[in-house]
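Undergrad: Pasting a structure here, questions to come.
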Amino acid sequence: MKKLKFNFLSLILVGFVSLNPLYSQITEGHEDFDKMIATSIDSFEIPGLTIALIKDGDVVFENAYGLANEEKGSKVDLESNFAIASLSKAFTAAAIGMLVDDGKLNWNDRVQKHMPGFTLSDEYVASQMTVEDLLCHRSGFNTFDGDLLWYSTNYDRREIIERFQEYPMSYDFRTQYGYQNIMFIIAGEIVEEVSGMSWEDFIEKRFFEPLEMTHSNATFEGFKVEDNIALPHVKGIMEDIRNYDNSGGAAAISSNVKDLTHWIQMWLNDGIYGDDTLLQAATCRKLMEMHTPMPTSSFDRSHDINFKGYGLGWFLMAYGEHKVAHHGGGLPGYISKIFILPNEKMGGIILTNGESSMPSAMMYASIDEFINTDSETEWIPTYIYFKKRYEEYLANREKGRVEKRGKAKANIAVEKMLGEYEDKFYGKAKISQVKGKLQISLLPAADRFTSEMTHWQQNSYQIRFKDQFLPAGYVTFESNADGEVIGFKIDLPNPDFHFHNLDFKKL
653 MKKLKFNFLS
663 LILVGFVSLN
673 PLYSQITEGH
683 EDFDKMIATS
693 IDSFEIPGLT
703 IALIKDGDVV
713 FENAYGLANE
723 EKGSKVDLES
733 NFAIASLSKA
743 FTAAAIGMLV
753 DDGKLNWNDR
763 VQKHMPGFTL
773 SDEYVASQMT
783 VEDLLCHRSG
793 FNTFDGDLLW
803 YSTNYDRREI
813 IERFQEYPMS
823 YDFRTQYGYQ
833 NIMFIIAGEI
843 VEEVSGMSWE
853 DFIEKRFFEP
863 LEMTHSNATF
873 EGFKVEDNIA
883 LPHVKGIMED
893 IRNYDNSGGA
903 AAISSNVKDL
913 THWIQMWLND
923 GIYGDDTLLQ
933 AATCRKLMEM
943 HTPMPTSSFD
953 RSHDINFKGY
963 GLGWFLMAYG
973 EHKVAHHGGG
983 LPGYISKIFI
993 LPNEKMGGII
1003 LTNGESSMPS
1013 AMMYASIDEF
1023 INTDSETEWI
1033 PTYIYFKKRY
1043 EEYLANREKG
1053 RVEKRGKAKA
1063 NIAVEKMLGE
1073 YEDKFYGKAK
1083 ISQVKGKLQI
1093 SLLPAADRFT
1103 SEMTHWQQNS
1113 YQIRFKDQFL
1123 PAGYVTFESN
1133 ADGEVIGFKI
1143 DLPNPDFHFH
1153 NLDFKKL
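My numbering applies: residue 653 is where the sequence shown begins, and numbers increase by one.
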């Protein structure tokens, strides 16, 4: 068995953090691996991390590192709860699979069979879209299209789906990959339509209960009353947990390492946990079969990642000779990773209450540690290097923006900017004066998306929403030939939310 290779000097330079000694750990035979994790969380600026690895049905490594609450100094442990974000997608896909096993629907059922009012900007695509299409990111929409509808808004799932009907498609249907949260929200609603139970009740009764996932929740109400919560840290600042119930089947679950080991054990045992058969073996295989191919990058090919794609609720890749099903989860202040090697009967779960790529690095490092791979990659230093490169890129981008800033004054009077605006997809916004200062509020998410407006150049104003997850952005007003304000656009560069697609028109 090949052990992880890593650079001791790099670990010494970043400093050591103490292990948490107050709960059971399983680290025997992997002390260097354990120490590497403990020293790396500082390099990745992660408050806390929990990990469990399973091989041949047994937990072969588990431990927790760092803090759940920096203010109180409380440490994370193996039962600390985290928002697991898109790890929820595998539960939603499995719920659909369970209903197929129950004979209540088929993979190739049209979405409109179960949701007759469902439509999209392309009505033909809406009429042809199947349940399977919802789960494998081949809908014809771009990655993260529509996510502003659920993020921090007061829209419920049905209104999100209804508003998404206005969104233009980016690609031809079923021609290429585009990561889609909205499709998984729709899939969750189909679970409700077919089963007669809400998505959250179905997940809790059909999965959490038989899997003995006693502290896992599919609702914010359940999450917030847990006694042991690893609080999120957004840009290094601790926050209270947020309500993501309207993301439903895409991202609404919270859980912990102890519970998720049971979930992995079910997958490694062909859908069986204890005396319960939750999924048929054939259904497990289908969920982890390639449905949408994805391109490999030069980095992938140089690191023995030979193909990539998406199944149903799972990313798929070949790492060397090993098939890996995996998924990441990301929400403000939380990043997680789950992975399964079905042929080697190995799997793992990594949960963090910070924002970094360490869970991905740990997936590869864990496979190298517990499976005989030929990899020579030092995964932790490699990901630290890319972390620094990305930080440099962001700093240079901001520097470039400042250097290009012009000195032209606004030629639109403030009074003409004031009022209500609307984007037909997103909803309303308001420009107002508060204590003599311009202010913008995107009304569906006003608690997060409100900011003072500081003049930048010409008719552009810099904004910094209350949500510290997002960087600074810019609002630029448009006027007609008569000098009347007709609308504004938002330039807020970030990888997650497409503000640039919004087009607010004055009412």
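The beta carbon of each residue, even a glycine, is placed where N, CA and C say it ideally should be.
1. Taking the beta carbon of Pro947 as the centre, do at least 16 other beta carbons fall within 10 Å, making it buried, or is it exposed?
2. Using DSSP with H/G/I as helix, E/B as strand and the rest coil, what is Tyr803?
3. Could you compute how far the alpha carbon of Ser868 sits from the alpha carbon of Ile838?
4. Please go through the same chain and pick out, in chain order, the residues whose beta-carbon is closer than 6 Å to the beta-carbon of Gly667, but skip the five residues on each side of it.
5. Classify Ile1036 as buried or exposed, calling it buried when 16 or more other Cβ atoms lie within 10 Å of its own Cβ.
6. What residues in its chain sit with their C-beta under 6 Å from that of Phe959, if we drop five residues either side in the sequence?
7. What three-state label does DSSP hand Thr913 in the structure shown?
8. Do you know offhand how far Glu856's Cα is from Ser907's?
9. Secondary structure at Ile689, three-state DSSP: helix, strand or coil?
10. Looking only at its own chain, which residues have a Cβ that is under 7 Å from the Cβ of Thr944, when we skip the five neighbours before and after it?
11. Please list, in chain order, all residues of the same chain as Thr782 whose beta carbon is under 8 Å from its beta carbon, the five residues on each side excluded.
12. Look up Ser791 in the DSSP assignment and say whether it is helix, strand or coil.
13. Between the alpha carbons of Gln1091 and Glu1104, how many angstroms are there, rounded?
14. Whose C-beta lies closer than 7 Å to the C-beta of Gly923 among residues of the same chain, with five residues either side of it excluded?
15. Are Leu964 and Ala1097 close, meaning C-beta to C-beta below 8 Å?
16. Near Asn833, which residues of its chain fall below 8 Å by C-beta distance, leaving aside the five closest residues on each side in sequence?
17. Using DSSP with H/G/I as helix, E/B as strand and the rest coil, what is Ala970?
18. Tell me Tyr1073's beta-bridge partners as DSSP assigns them.
19. Within 10 angstroms of its Cβ, does Lys1157 collect 16 or more other Cβ (buried), or is it exposed?
20. Using the three-state DSSP reduction, which class does Leu674 fall into: helix, strand or coil?
21. If you count every other CB in all the chains shown that lies within 10 Å of the CB of Ala1065, and 16 or more means buried, which is it?
22. Between the alpha carbons of Pro1145 and Asp708, how many angstroms are there, rounded?
23. Applying the 10 Å Cβ sphere with the 16-neighbour rule, what's the burial state of Ile889?
24. What residues in its chain sit with their C-beta under 6 Å from that of Pro1147, if we drop five residues either side in the sequence?
25. With a threshold of 16 other CB atoms inside 10 Å of the CB of Phe951, please say whether the residue is buried or exposed.
26. For Trp919, name the three-state secondary structure that DSSP assigns.
27. Quick one: what's got a C-beta closer than 8 Å to Gln780's C-beta in the same chain, skipping five residues either side?
TA: Taking the definition as stated:
1. Exposed is the call here.
2. DSSP places Tyr803 outside both helix and strand once states are collapsed to three, so it counts as coil.
3. The straight-line gap separating the alpha-carbon atoms of Ser868 and Ile838 is approximately 22 Å.
4. Unreliable placement is indicated for Gly667, whose pLDDT of 31 sits below 50; no coordinate value is reported for it.
5. By the 10 Å Cβ count, Ile1036 comes out buried.
6. Here the set comprises Ala970.
7. Helix at Thr913.
8. Roughly 12 Å between the two C-alpha positions.
9. DSSP places Ile689 in helix when its eight states are reduced to three.
10. For Thr944, where only same-chain residues beyond five positions count, the Cβ hits under 7 Å are Cys788, His789, Arg790, Tyr829, Gly961 and Tyr962.
11. Exclusion of the five residues before and after Thr782 leaves Trp759, Asn760, Asp761, Arg762 and Val763 as the residues of its chain whose Cβ lies within less than 8 Å of its Cβ.
12. Ser791 falls in the coil class under three-state DSSP.
13. Distance between Gln1091 and Glu1104, taken at the CA atoms: about 4 Å.
14. Answer for Gly923: Thr929, Leu930, Leu931, Gln932, Ala933, Thr935 and Cys936, listed in chain order.
15. Against a cut-off of 8 Å, the Cβ pair of Ala1097 and Leu964 comes out as no contact.
16. Result list for Asn833: Ser738, Phe796, Gly798, Asp799, Trp802, Ser899, Ala902 and Ala903, in chain order.
17. Correct three-state label for Ala970: strand.
18. Residue pairing from DSSP places Tyr1073 in a beta bridge opposite Ala1081 and Lys1158.
19. With fewer than 16 Cβ atoms within 10 Å of its Cβ, Lys1157 is classed as exposed.
20. Summary for Leu674: the model assigns pLDDT 43, below 50, so the residue's position carries little reliability; its value from the coordinates is reported in the next sentence. In the three-state reduction of the DSSP assignment, Leu674 falls in the coil class.
21. Its Cβ having fewer than 16 others within 10 Å, Ala1065 is exposed.
22. In a straight line, the C-alpha of Pro1145 is about 45 Å away from that of Asp708.
23. Answer is exposed; the Cβ neighbour count stays below 16.
24. Closer than 6 Å at Cβ, skipping near neighbours: no residue.
25. The residue in question, Phe951, is exposed, as its Cβ has fewer than 16 Cβ neighbours within 10 Å.
26. If DSSP states are grouped into helix, strand and coil, Trp919 belongs with the helices.
27. Setting aside the 5 residues that flank it on each side, Gln780 is surrounded in the same chain by Arg762 and Phe825, each with a C-beta closer than 8 Å to its C-beta; the list follows chain order.
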